[in-house]
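For reference, the structure discussed in these notes is given below.
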Amino acid sequence: MKKNKFREMLGVLLICSVVLSACSTSSQAATTTSAVTTSATTAAAAASSQSGETTAAAPASVAVSDVVTFDEADKAVDWSAETSTAIKLNGTSAAVTGSGAKASGGSVTISAAGTYVLSGTLSDGQVVVDVPDDGDVHLVLNGADIHDNDSAGIYIKEAGNVVITLQEGTENTISDGETYVFADAATDEPSAAIFSKADLTINGTGKLTVVASYNDGITSKDDLKIVSGTIDITAADDGIVGKDMVAIEEGTVTIKALGDGIKSTNDTDEGRGFIAIAGGTFTIEAGNDGIQAETALIVDGGTFKLVTGGGSVNGEVKQEEGPGGMGMQRGGMNATSAAGTSTDAAASATTETTETDSTSAKGLKAGGDMTVNGGTFTVDSADDALHSNSNVTVTGGEMEIATGDDGIHADALTTIAGGSINITKSYEGIEGANITISGGETHVVASDDGINVAGGSDETSEAAGGRADQFSASSSNLLTISGGYVTVDAAGDGLDSNGSITMTGGTVIVNGPTGNGNGSLDYDGSFDISGGTLVAAGSSGMLQATADDSSQATIAMTFSQAQQAGTLVHLQDSDGNTIMTFAPSKNYQAVVISSPELAQGGSYTLYTGGSSTGSNTDGMYIDGTYTGGTKVTDFEASSSVTWLNESGVTTASSGGGFGGGGGGGGRPQGGGR
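Spelled out as structure tokens, the structure:
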């Protein structure tokens, strides 16, 4: 029966707390069982945190080697003419030399375990592997060009394990037509140019080009491993699909797909549906998601260039919260829901349009935990660059991100423990129910909030075909900064927690916002600081500082008029020692500074303007001499938070402007707005 391609994408990721997977060997199964147990415990702890506890459990560290093994059989590339069967393709026919295979009507059927070497061109035919009793098959593509007008070029119908070797120095092509012919109306397989119902491994140093005009490029209904090789795929839908898992050790992979680039799909079997990438070079241009794992996604290394949904320029127009929680379109117009009523954002940190899976255009996406231990990433995505329905953990790697939505989003916990993250364009930079930053270097540019601890989960909308990020605020939600280096350039709130903030170390630099409807610091609970360096320069209308009972001192200065971007703020002690010299990159009317060098009871002087001979990193001047500034005020830091205006020490008003949080978060009396 002839069927045209049915291109509707069905469903979205099921929310899955089981994030690690097993391979076919018993040793891998044992490893995965332990990993799955750990992950489930972590997910439960994170859920408990969202339900009322004050801390979030960090996911256990996991690497590719914990969940998959590339064994000798996966890496076997050698063969000999004496022990293999040669299959010579000759246009519309084929000649078989050896046993285990038969040519008929332009197609070849392999029915016995063994090694088969394919060469030549098949203009309209198919290579079928149909080996009973779990027999293993080694296919060597030795300069083979296989095209089938109405089905898969290679169809692995039954076998134990199949290894496809790309012979060194050869170029091989597998392609299909736009329309498939199936045996009957109940059958929709095969559905890819290379389609396997068995475990499939691709290795070798040759090149494989796949042109999938009907649907997917390479699909395995079991495990799919790529050990090496150069693979170039053009697909009408998805590029590479492994139902139970996709595991990649090395290789050069280029994908142009109207659907997803690389994906796993098993959402029913515990411990499956994951993607694990140890290394390789990946260039993926996808209409939907770049790399999508139904459960866990683990990346240890590799070089990735991902463009999804046409890139960040195609991101949907977002709404931001105005004062009092009213939805505001970027540009200031009041936003309404589909029913024509104003959007209630009081219980949500962000309000965005929903989507179906067919329009999901994320760079890296996981239904379970996402772990990035290394790699170099350039992501230009219409949707989130990194997105998990559970936890995101970054321990290493280098990322350059431009996105039309969130840079990094986790429904539960976002952990940044290392690596370099540069988010050059985003709606919100980093988002999660809880966020922990303990290391690494992170730079964020956001058209709304820079770092947003939102609370709750968007899994309901995601599972139902939407993606609203409508988090419910909770006092348990926490932004924890214990180390690392963070800069934020935000048009909305700089650091925004719908719970609390705790800072014990690291460096945080916030520039913006310039409008009084947002604040550099925004929290509902408290902001306890006991270590690290913090400077936040922005507007004064929603000004909050750190908590009154913090052990590290803070000053919060409000100017009567906005200061021009680049105008230095210089703070020194009574002996002339520099506490901080900082040049905000945006216009500002308020500055919050906290440093271990600030001592409660100490005497200080604040200057503006002037110049410094020190080295400038992100506006922060290190060493050097400060000269030529205008003294604003002398003051004594008599309390944990010292509120200042141009007349000297003042007090903070309660309420913190438009619904400000607790602690020291309030506008100074008598200061500029």
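First residue of the sequence shown? That's 9 in the working numbering, and the numbers climb one at a time after it.
Note that beta-carbon positions come from the ideal geometry of N, C-alpha and C, so glycine has one too.
Keep in mind that this is a model prediction, so the values were computed, not measured.
Candidates THR423, GLU654, ASN296, LYS205: closest to LEU314 by CA position = For the residues THR423, GLU654, ASN296, LYS205, the minimum Cα distance to LEU314 belongs to ASN296.
Determine the direct distance from the alpha carbon of ALA499 to that of SER605, and round the result to whole angstroms.
-> The sequence shown places Glu at residue 605, not Ser. Rounded to the nearest angstrom, the gap between the Cα atoms of GLU605 and ALA499 is 30 Å.
Of the residues SER434, GLY426, ILE459, which one's Cα is nearest the Cα of GLY448?
-> GLY426
Smallest Cα separation from ASP153: which of GLU176, LEU174, ASN180, ILE164?
-> ASN180
Per DSSP, VAL137 is paired with what?
-> ILE118, ILE164
Candidates SER647, GLY259, THR238, THR227: closest to GLY250 by CA position = THR227
Could you please give me the residues that DSSP links to GLY440 through a beta bridge?
-> ALA418, VAL461
Spatial distance of ASN653 from GLY546 (CA atoms) = 15 Å
Buried or exposed: which applies to ASP530, given that a residue is buried once 16 or more other Cβ atoms fall within 10 Å of its Cβ?
-> buried
Can you tell me which of the three DSSP states ASP532 falls into?
-> In the structure shown, ASP532 sits in coil (DSSP, three-state: anything other than H, G, I, E or B).
Going by DSSP, which residues form a beta bridge with VAL494?
-> Residue pairing by DSSP places VAL494 opposite THR450, VAL516 in a beta bridge.
Candidates VAL70, ALA265, ILE459, PHE643, of which the one nearest ASN442 by Cα | Residue ILE459 holds the alpha-carbon nearest to the alpha-carbon of ASN442 among VAL70, ALA265, ILE459, PHE643.
Residue span of the beta strand (DSSP E) that contains ALA410, given as start and end | 406 to 411
Ordered along the chain, which non-local residues of its own chain (more than five positions away) have a Cβ less than 6 Å from that of GLU293?
-> LYS264, VAL315
Taking C-alpha atoms, which residue in THR379, THR635, VAL494 lies nearest to ASN430?
-> VAL494
Drop a sphere of 10 angstroms on the beta-carbon of GLY507, count the other beta-carbons inside from all chains shown, and report buried for 16 or more, exposed for fewer.
-> buried
Between the C-alpha atoms of TYR203 and THR432, what's the straight-line distance to the nearest angstrom?
-> Reading off the sequence shown, one finds Phe at residue 203, where the question assumed Tyr. Distance between the alpha carbons of PHE203 and THR432 is about 39 Å.
The beta strand (DSSP E) with GLU179 in it runs from where to where?
-> 179 to 184
C-alpha distance - HIS146 paired with ALA89, whole-angstrom precision = 13 Å
Would you tell me roughly how many angstroms separate the C-alpha atoms of ALA645 and SER655, rounded to the nearest one?
-> 15 Å
For ALA84, which of LYS233, ASP246, ASN274 has the nearest alpha-carbon?
-> LYS233
Under three-state DSSP, which class holds ASN223?
-> coil
Spatial distance of GLY348 from VAL452 (CA atoms) | Bear in mind that a pLDDT of 32 at GLY348, under 50, signals an unreliable position, so the number given afterwards is only what the model happens to contain. Straight-line Cα distance between these residues: approximately 34 Å.
With DSSP as the reference, label VAL321 as helix, strand or coil.
-> Secondary structure of VAL321 (DSSP, three-state): helix.
Mind checking whether SER534 and ALA561 have CB atoms under 8 Å apart?
-> no
Compute the beta-carbon to beta-carbon distance between GLY405 and THR384, rounded to the nearest angstrom, for a pair I have assumed lies under 8 Å.
-> 7 Å
Looking only at its own chain, which residues have a Cβ that is under 6 Å from the Cβ of THR41, when we skip the five neighbours before and after it?
-> Note that THR41 scores 34 on pLDDT, short of 50, meaning its location in the model is unreliable; the coordinates nonetheless yield the value given after this. There are no such residues.
TRP651: which of ASP82, GLY540, GLN552 sits nearest, CA to CA?
-> GLN552
Sort out for me which residues DSSP pairs LEU314 with in a bridge.
-> Beta-bridge partners assigned by DSSP to LEU314: ILE292, VAL387.
Name, in chain order, the residues that DSSP records as bridge partners for ILE587.
-> Under DSSP, ILE587 shares a beta bridge with no residue.
Which whole-angstrom value is the C-beta distance of ALA286 and ILE241, which I expect to be below 8 Å?
-> Actually they do not touch by this definition, with Cβ atoms about 20 Å apart.
Taking GLY133 and GLY114 to be in contact with their CB atoms under 8 Å, please state how far apart those CB atoms are, rounded to whole angstroms.
-> 4 Å
Tell me whether the beta-carbon of ASN595 lies closer than 8 Å to the beta-carbon of ALA564.
-> no
State the beta-bridge partners of ALA94 as determined by DSSP.
-> THR105, VAL125
Taking GLY108 as the reference, which of ASP252, SER389, ASP138, THR566 has the closest Cα?
-> ASP138
If you drop the 5 nearest sequence neighbours on each side, which residues of the same chain put their C-beta closer than 6 Å to that of THR488?
-> THR444, THR510
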